[in-house]
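I have placed the structure first, in the form of structure tokens, so that the comments after it can refer back to it.
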Amino acid sequence: MKTSSSYSLIIPVLNEYHALTKLIPLLLKDARSATLEIIICDGGSVDLSAVYVKQLIKKHPDLAISFAQSQAGRAIQMNTGAALATYQTLVFLHADTVLPNNWYDLIKGKSWGRFNVSFSGRRFIFRIIETMMNVRSCWTQVATGDQAIFVEKTLFDSVGGYPKVALMEDLALSKRLRKKVPISCIKAALKTSSRRWEKNGVLKTVAMMWRLRWAYYRGVDEATLAKIYYPNLQKPRQSELVQVFSKLPILGYVKTRLIPQVGEQAATEIHCFLLMNALKILSEQKINYELWIAKQTESDGVAHEFLKENLKYQQGADLGERMATAIQLGLKQSEKVLLMGTDCLDFNQLHIQYSMNALEQFDVVLMPVTDGGFIAIACRVFDERFFQGIAWGSELVLQQLLHNLKSLEVSYHLLDPIRDIDTFEDVKEYNQLMDLVVN
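Quick note on numbering: numbering that gives the first Met the number 0 labels position 252 of the sequence shown as 251, and the sequence is numbered without any gaps.
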């Protein structure tokens, strides 16, 4: 039997795919007993958060789940969700938090409030921290986001919603609300992840929290506080980035499949020609790019001649791991990332621009080659499982990658395949490469 009250659950997310896959099924179970709508407000995730929610909505249109895109920032995201809410009570919930049983009955008729918090970590220090948080919250009538603030929509709107601040938005909202109605402290405890505390160190995190609170109460502006709390989010993401994967042109190290037919010198010259051709295209078009080389040696000076400030070193045990690392780093600074090899003379700036444009409609765009692989992959989202179980160097590379994308329900687009240069038969198709062999 459903409760007579209705609730809008607003969940701000930024790269919370794994947490969402655990949380949403639990909330859907609650929907059997209460009238709920779930609003996911994404701040620009580059993992599969948006993909997961959109696919869930597509498969189950009867479910009361909606997805909204907004600028990053919890206050902005939660206000976006609140504006879309249609039910009388708003519940602001972090993606890594599980509400207590029958939570909807516990808050029925309450104007605003929060739940007691308990952390997932088993260490005794967490019992102390959560006790202090719960006691302090009731005493000061100030709630934190970890405690899942709930509030009647009319009351929320009357105070102007969350203040447009970069940090301490929950404290600022609580101050506004307590002037109108005392807080309701629900003793039942929700369970929230202690990952942030464990990752950064418990004592270090406690010290930082108190430092931020003290600065906040002294009147330090939120922008300054945000720089302390989010040290890696100062730089806005650029629009597009191209990552060039290659090797340094070292004798005997590159184009090894060509060496038996053309020799080490010609094989190295062919590799160098292909690499310089790719970098020339990017430079002439003023495309933002990085050169990722596969091996760090004493010959790094060669690479620095091509690209000084943007030289990167590939990291990982195999090609898939190295590409995954690069793409994930790229998506932290850019909205779209295209990773490309240099073995295709036919791959040009038009392919790059088309791929970037296609990312407006698809999550991934691939440039296949005729031998069963791909020369470039463009992404607006990424998951390390894209490259799992792929037999690199085989004719099955593209087929296995597409299988992974389909299983993850990631949308993709394929360009027409072009020829890459791996064998002497490939070289013979291009006069400019044959000139290197003859000379």
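For each residue, glycine too, the CB sits at the ideal point set by N, CA and C.
Q.
Assuming contact is defined by CB atoms lying nearer than 8 Å, are Leu-240 and Asn-287 in contact in what I supplied?
A. yes
(Q) Looking only at its chain, what residues have a beta carbon closer than 7 Å to the beta carbon of Asp-299, apart from the 5 residues adjacent to it on each side? (A) Residue confidence for Asp-299 is low, a pLDDT of 49 falling below 50, so the modelled location carries little weight; the figure read from the coordinates is stated next. Closer than 7 Å at the Cβ level, and outside the excluded window around Asp-299, lies no residue.
Q.
Would Ile-326 and Phe-361 be called neighbours here (beta carbons separated by less than 8 Å)?
A. no
**Q.** Residue span of the alpha helix (DSSP H) that contains His-402, given as start and end
**A.** 396-406
**Q.** Where the alpha helix (DSSP H) containing Trp-196 begins and where it ends
**A.** 194-199
Q) Curious, which full-length beta strand (DSSP E) runs of at least 3 residues does the stretch 17-67 contain? A) 34-41
Q: Grab the span of the beta strand (DSSP E) containing Asn-115 for me, first residue to last.
A: 111-118
Q: Please name the residue or residues paired with His-412 in a DSSP beta bridge.
A: Val-364
Q) Less than 8 Å separating the beta-carbons of Phe-423 and Gln-264? A) no
Q) Just to confirm, are Ser-69 and Thr-79 a CB contact at a threshold of 8 Å? A) yes
Q. Quick one: what's got a C-beta closer than 7 Å to Met-433's C-beta in the same chain, skipping five residues either side?
A. Val-426, Lys-427
Q.
Looking at the secondary structure, which residues open and close the alpha helix (DSSP H) in which Thr-153 lies?
A. 152-157
**Q.** Extent of the continuous beta strand (DSSP E) to which Tyr-312 belongs
**A.** 310-312
Q: Sort Glu-168, Arg-195, Pro-181 by Cα distance to Ile-75 and report the nearest one.
A: Glu-168
Q. How big is the Cα-Cα spacing for Trp-111 and Phe-155?
A. 9 Å
Q) Helix, strand or coil: which one does DSSP assign to Lys-186? A) strand
Q: Could you tell me whether the Cβ atoms of Glu-36 and Tyr-103 are closer together than 8 Å?
A: no
Q. What are the boundary residues of the alpha helix (DSSP H) that includes Met-167?
A. Element bounds for Met-167: n/a, residue is neither H nor E.
(Q) Less than 8 Å between the C-beta atoms of Ser-119 and Lys-190, yes or no? (A) yes
Q: Along the alpha helix (DSSP H) that carries Val-253, what are the first and last residues, could you check?
A: It is not in any alpha helix (DSSP H) - Val-253 carries neither H nor E in the DSSP assignment.
**Q.** Element boundaries [beta strand (DSSP E), containing Leu-98]
**A.** Note, Leu-98: premise wrong, no beta strand (DSSP E); not H, not E.
Q.
Thr-88 and Glu-151 - do their beta-carbons sit closer together than 8 Å?
A. yes
**Q.** Closest residue to Arg-195 among Asp-345, Asp-145, Ser-4 (Cα-Cα distance)
**A.** Asp-145
Q. Under three-state DSSP, which class holds Cys-271?
A. helix
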